[in-house]
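*Asks:* My questions all concern the structure below.
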Amino acid sequence: MIKFFDDADYDKALEQYRKIKTVYLGICLFYAILMIVSVLIYMTLPYADPLQVAVKWEVSVLTALFILFSFPYCGIKMHRSRFYCKMLKNISTGIKERGKAYFSHVDDWEVKDHVDVNVYVFKTWNEKKQAWEFRNVYIDAEKTPPEFEENEEIAYITEGNVLVEYERTGNFFQNITEDKTV
């Protein structure tokens, strides 16, 4: 089987998340130091000094810049990286499901658990219902997606519908009907 993810991917993603977090904490520390210095300068100024207005403006502008930086950085970059690490950890430690199905088509990308994924649709036979069903299998958008041919049988391992491993079996269905004939 061709592995789509391994533990090295999780280690790289975790390292990237830690760097993102370290950069943000460094900026927070720099902002806190600037605020402490500004308060100390403000406290040492005499009453009704014209420089008080400049210090107040500096604090206001720095706070606004910090907030404008924090929301996108934490809300987009750090948030996405954290959920990507979570997905990779689940892939590494979660319950895997094996299956075989026939590739149907590639659907549009979507966001699953805050991670961008490509949607591959597979046809699979449901023994209980005695009917064909479609199953969405998610492939990480940052990885190079595999090229499957229509109606090609694929054996796969998923965790939470995210593709972990796959193998081409080489079988093809020409005409799939309701009574499961070839």
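Numbering (my numbering), first residue to last: 24 to 205.
A virtual CB, placed ideally from N, CA and C, is assigned to each residue, including glycine.
By alpha-carbon positions, which one of Phe-157, Asp-29, Pro-95, Tyr-125 ends up nearest to Glu-173?
*Replies:* Numbered from 1 along the sequence shown, position 150 holds the residue referred to as residue 173. Of the candidates Phe-157, Asp-29, Pro-95, Tyr-125, the one whose C-alpha sits nearest the C-alpha of Glu-173 is Tyr-125.
*Asks:* Can you tell me whether Trp-118 is helix, strand or coil according to DSSP?
*Replies:* Here residue 118 refers to the residue found at position 95 when the sequence shown is read from its first residue. The amino acid at residue 118 is misidentified as Trp; the sequence shows Ile. Coil at Ile-118, not helix or strand.
*Asks:* When the Cα atoms are used, what is the spatial distance from Tyr-40 to Val-138?
*Replies:* Residue mapping note: residue 40 aligns to position 17 of the sequence shown, counting from 1. Residue mapping note: residue 138 aligns to position 115 of the sequence shown, counting from 1. Going from the Cα of Tyr-40 to the Cα of Val-138 covers about 14 Å.
*Asks:* Can you name, in chain order, every residue of its own chain whose Cβ lies under 7 Å from the Cβ of Tyr-65, other than the five neighbours on each side?
*Replies:* Along the sequence shown, read from residue 1 onward, the residue named residue 65 stands at position 42. Here the set comprises Gln-75, Val-78.
*Asks:* Classify Asp-131 as buried or exposed, calling it buried when 16 or more other Cβ atoms lie within 10 Å of its own Cβ.
*Replies:* As a first step, residue 131 is located in the sequence shown; it is residue number 108 there, counting from the start. Asp-131 is exposed by the Cβ-count criterion.
*Asks:* If you reduce the DSSP assignment to three classes, tell me which class Lys-123 lands in.
*Replies:* Taking the first residue of the sequence shown as position 1, residue 123 is located at position 100. Reduced to three states, the DSSP call for Lys-123 is strand.
*Asks:* Using the Cα positions of Asp-32 and Phe-171, report the straight-line distance between them to the nearest angstrom.
*Replies:* Here residue 32 is taken as the residue at index 9 of the sequence shown, counted from 1. Here residue 171 is taken as the residue at index 148 of the sequence shown, counted from 1. Between Asp-32 and Phe-171, the C-alpha separation is close to 23 Å.
*Asks:* For Trp-155, list the residues DSSP reports as bridge partners.
*Replies:* Numbered from 1 along the sequence shown, position 132 holds the residue referred to as residue 155. Trp-148.
*Asks:* So Glu-188 and Met-24 are supposed to be a Cβ contact under 8 Å. How far apart are they, rounded?
*Replies:* Translated into positions along the sequence shown, residue 188 becomes position 165. Translated into positions along the sequence shown, residue 24 becomes position 1. Confirmed, Cβ separation roughly 4 Å.
*Asks:* Look up Leu-57 in the DSSP assignment and give the residues it is bridged to.
*Replies:* Looking up residue 57 in the sequence shown gives position 34. According to DSSP, which records beta bridges pairwise, Leu-57 is partnered with nothing at all.
*Asks:* Between the segment 139–158 and the segment 78–98, are three or more C-beta pairs nearer than 8 Å?
*Replies:* Contact fails: fewer than three Cβ-Cβ distances are below 8 Å.
*Asks:* Answer yes if the segment 153–169 comes into contact with the segment 84–103, meaning at least three C-beta pairs across the two stretches below 8 Å, and no otherwise.
*Replies:* The segment 84–103 is not in contact with the segment 153–169.
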